[in-house]
Every structure is written in C-alpha cells, then in structure tokens.
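Structure first, commentary second.
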Amino acid sequence: MVIRVFVASSSGSVALYWCDYLPSPAVKRIGELSYLRNKASTRFCKIKKRQQDVVRFLEANRIEFEEVDITMSEEKRQWMYKNIPEDRQPAQGNPLPPQIFSDDRYCGDYDGFFESKESNTVFSFLGLKPSLTSKESEP
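The numbering of the sequence shown is my numbering, which starts it at 1 and goes up by one.
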C-alpha cells in the first residue's frame, strides 16, 4: 500500500504570482494588484504549511509515502481531481493540495487529516493498521 500526498512545490508558486505579469492596462488600480498578490501569497503559505504538517507527521511516524507534485504535471493534477469523490469536491473551484490517497483510494484533504490527527485515528484515515501507540489499537 502506497500513501500518496499530492502537493504543490515551491517552484509552482510562480503560477500564484500571475498578477505580477499582467500588462498595465489590465490593472485599473495599483491597490487591486496589491490585493491580488497578497491574497495569492497568503493562500500559498497556508497550502505550504498544511503540506508540511502532513509530511512531517508521516515522517515522524515512519509511514512510507510518496509526494506527488501537481504543479509541474497536468496529468497528475487531472488524476488527482478525477479521483476525489464528487461529494468531497469543493463547492467552487478545484481542490487544493494537500490531497491524500492510499493507493487509488481517496483518504481526504488536510481538514480530514487534521481531524483524524486530533482524534488519534490517522491510521484508519490512511487505511493502515493502527500502531501500538495509537488510540485505534486500544480494545
């Protein structure tokens, strides 16, 4: 069983700063550009922190996993979008990383991971057997 964490690499942050490259006629006010740039930067930082939280947890618990970078591969990004169940899709837009899969089974997004971490049920969330220190292993 392979745990796969779909992430956006730091090199993908270039795409979040698209507003830096808008031609000046496209921007009516400097304030709009600053707002868009700050919003993109804040969203990317939030995504990076969430990705790091998942990866650190998996590493600390010696859970083997594979990071799948969706920023440089349209094929991987589309696979991720296609394999997230419809009832788990966001109301608008595309699902943001990190998204977690166990082989081809969708486990969840960061919020689901965080909830399972808080309730000490991450192994079930990932579809793995509980460790000896997990609340899940208690009778």
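Note that beta-carbon positions come from the ideal geometry of N, C-alpha and C, so glycine has one too.
| Query | Result |
| --- | --- |
| Checking the sheet assignment: what are the DSSP bridge partners for Gly-108? | Ile-100 |
| Ordered along the chain, which non-local residues of its own chain (more than five positions away) have a Cβ less than 7 angstroms from that of Leu-96? | Ile-47 |
| Which residues share a DSSP beta bridge with Ile-47? | The partner list for Ile-47 (beta bridge, DSSP) is empty, contrary to what the question assumes. |
| Given Tyr-110, which residues of its chain have a CB within under 6 angstroms of its CB, disregarding the five upstream and five downstream residues? | Arg-50, Pro-98 |
| Taking 9 angstroms as the cut-off, decide whether the C-beta atoms of Glu-66 and Val-2 are in contact. | yes |
| Do Tyr-81 and Asn-94 have their beta-carbon atoms positioned less than 9 angstroms apart in this structure? | yes |
| Sorted by chain position, which residues of the same chain lie with C-beta nearer than 7 angstroms to Lys-117's C-beta, five sequence neighbours on each side aside? | Phe-57 |
| Give every residue of the same chain whose Cβ lies closer than 7 angstroms to the Cβ of Pro-85, excluding the five residues on either side of it in the sequence, and list them in chain order. | Tyr-106 |
| CB-CB under 7 angstroms to Ala-26, same chain, minus the five flanking residues each way: which ones, in chain order? | In this prediction, Ala-26 has a pLDDT of 48, which is less than 50 and means its spatial position is unreliable; nothing more can be read from the coordinates. |
| State buried or exposed for Gly-127, treating a residue as buried only when at least 16 other CB atoms are found within 10 Å of its CB. | exposed |
| What separation, rounded to the nearest whole angstrom, lies between the Cα atoms of Glu-115 and Ile-100? | 14 angstroms |
| Where does Val-5 fall in DSSP's three states? | strand |
| Express the C-alpha separation of Gly-108 and Phe-125 in angstroms, rounding to a whole number. | 8 angstroms |
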